[in-house]
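Order-wise, the sequence lines are chains A and B.
Residue numbers for the first sequence follow the numbering used here, beginning at 1 and rising by one.
Residue numbers for the second sequence follow the numbering used here, beginning at 165 and rising by one.
Positions of the beta carbon are idealized from the N, C-alpha and C atoms, including for glycine.
The structure appears right after this line, and notes come after that.
Protein chains: 2
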Amino acid sequence: MRALDPEHPAEPRPDAGRPAGTGADTCPPGDLANELRIAVMRTSRRLRIEASGDILSPGQYSVLVGLSSGPRTLGQLAAREGVQAPSMTRIVKALEDKGLATRAGHPDDARQVLLSISDVGAATLERARRERTAWLSRRVDELPAADRAVLERAAKLLQGMSAR
Amino acid sequence: MRALDPEHPAEPRPDAGRPAGTGADTCPPGDLANELRIAVMRTSRRLRIEASGDILSPGQYSVLVGLSSGPRTLGQLAAREGVQAPSMTRIVKALEDKGLATRAGHPDDARQVLLSISDVGAATLERARRERTAWLSRRVDELPAADRAVLERAAKLLQGMSAR
DNA sequence: TATTGTTATACTCTATAACTATA
DNA sequence: TATAGTTATAGAGTATAACAATA
C-alpha cells in the first residue's frame, strides 16, 4: 500500500487565539489566505487518504487524466505533468503493462511516440474518479443547502484562482 | 530540488459539457462533490508548487507543525503523521541535524524520547508558513469583498468536514 | 547538429523485519 | 512478555547523465 501523504496532517485549529464571540463576517486578509490554505491542504489530504486502495498510483492517474482528452506524445505528457522524460517513460510503461494505455508511432516524426487511453483505461479512470469523490460526496450530502451553495461558489472561485 | 507533485496537474475543465447560460445556483450533489474535489486538488497543487524552494521537506514541515503546540514523543509524532516509527526516526534526525528540534529523555519512561521545537525551528516554521501562503494571499487580495466572504465561509466548512 | 525517447545509476522517502533497552 | 525506538534492507518514484535513432 502507498504511504500516507505527509502534507499538513494536523494544522493548528484556525480559531486559536482569536477572541470568541466576535461575530464579524470578515477576517483580516492575511488570515483568510492562511485559513483557506489550511482548509484546502487538510481537505486534499483527506481526499488522498480516503482514495487509498487505488489501482492507480497518483502519477498513473494523472497521466490517464491527460490522455482522456486525446492522444499525446511522451514529451507532451512529461511537460504537462512537470516530470522528466525518463520518469514519464516509467509511468507510461506501467500503464501499458496494465492495458490502460496503448502506444503507436507518430505518423510525421518517427522519433516520437503517441500514447492513447484504452477502453479499459477510460473505464478504470472513471472508477478511480468516483472512488476519489465518494468520501467528499458523503460529507457534502450532510450539509444544509445554504452551505452547499457556498461551497459551489467557492469551488468556482478556487478553480479560477488556480487556473494556469 | 524536489519533484513537482504529480497529483491532478490538469483536471478537465469543470464546465465542459454543461449547457451555458443556465443561471442555476445549484448543481446536482454529485457534481458539487466532483467540482469541489477538482478545485481543492488543483489549488493544493498550486500551493505546493508555489511553495517550492523550501528549506523543509513536506514531512519535516508537517512534524514541525506538530511540535509547535508542545513536546511530543516519537511515537506520538509517528501516529499523528500516519507514518511508521523508522520513518519518523529519520525525519526527526533531519530536524535535529538542522537545529530545528531537540531531543530529551522522557522523565517517566526511559524508553521514550521527547522531541521539542527549538527557537530556530519555530522561526523557520513561521517563515515556511508565510512562503506557503504568499501566493494565495496575492490571489485572495485580487478578489472583491463578496468573493472573499464566500471563501471565508467555505474555509470554515471545509475545515469542519475534514477534521478528524 | 538538435531533438525524442530509452537505459543506467543515484537519491529521497517510504515500509517491514530484526534488534536493543526498558517496563 | 510487551513496548519505544533504532538499524538494516528493500521498494516506489523521482532526477541527471549517457546513449540510440531520427530530423
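Nearest-angstrom Cα separation, counted from residue j out to residue i
i      : j      : result
A134/A : R303/B : 29 Å
M41/A  : M161/A : 15 Å
R127/A : A319/B : 28 Å
Y225/B : S116/A : 38 Å
P86/A  : L74/A  : 10 Å
S137/A : E152/A : 13 Å
D147/A : V314/B : 10 Å
S233/B : G59/A  : 34 Å
Q240/B : E35/A  : 25 Å
R80/A  : V92/A  : 14 Å
Q323/B : L196/B : 17 Å
P308/B : R111/A : 50 Å
L125/A : K98/A  : 13 Å
D109/A : R267/B : 59 Å
A39/A  : R129/A : 21 Å
G269/B : A242/B : 17 Å
R212/B : Q248/B : 24 Å
M252/B : A163/A : 35 Å
S118/A : V65/A  : 12 Å
Residue i versus the options, residue with shortest Cα-Cα distance
i      : options                           : result
G82/A  : E316/B, R210/B and L307/B         : R210/B
V120/A : L36/A, L67/A, A101/A and L151/A   : A101/A
S57/A  : A94/A, L77/A and L115/A           : A94/A
P271/B : S226/B, A287/B and P235/B         : P235/B
A123/A : R148/A, L67/A, P86/A and S87/A    : L67/A
E142/A : L321/B, L238/B and G223/B         : L321/B
V227/B : I202/B, R254/B and A268/B         : R254/B
R37/A  : R201/B, T207/B and G239/B         : T207/B
I219/B : E295/B, A327/B, Q276/B and Q240/B : E295/B
E96/A  : Q84/A, D109/A, V113/A and R80/A   : V113/A
DSSP three-state assignment for residue i, whether helix, strand or coil
i      : result
L307/B : coil
A163/A : coil
L115/A : strand
G70/A  : coil
G269/B : strand
V83/A  : coil
S221/B : coil
K320/B : helix
L100/A : coil
A110/A : coil
G185/B : With a pLDDT of only 34 at G185/B, under 50, the local geometry of the prediction cannot be trusted, and the value read off the model is given with reservation. Residue state, collapsed to three classes: coil.
A313/B : helix
Neighbouring residues, chain B, relative to residue i (Cβ below 8 Å)
i      : result
M41/A  : S208 and L211
V113/A : What V113/A touches in chain B: nothing, since even the nearest Cβ is about 20 Å away.
S116/A : Those within 8 Å of S116/A in chain B number zero; the least Cβ separation is about 16 Å.
Within chain B, partners of residue i - CB distance below 7 Å
i      : result
A33/A  : T297, L300, S301 and V304
Q159/A : P178, I202, A203 and R206
D147/A : L321
Per-residue contacts from residue i into chain A (C-beta, under 8 Å)
i      : result
I219/B : Under the 8 Å cutoff, chain A gives no residues; its nearest Cβ is about 16 Å from I219/B.
Under 7 Å by beta carbon: chain A residues contacting residue i
i      : result
V314/B : V150, R153, A154 and L157
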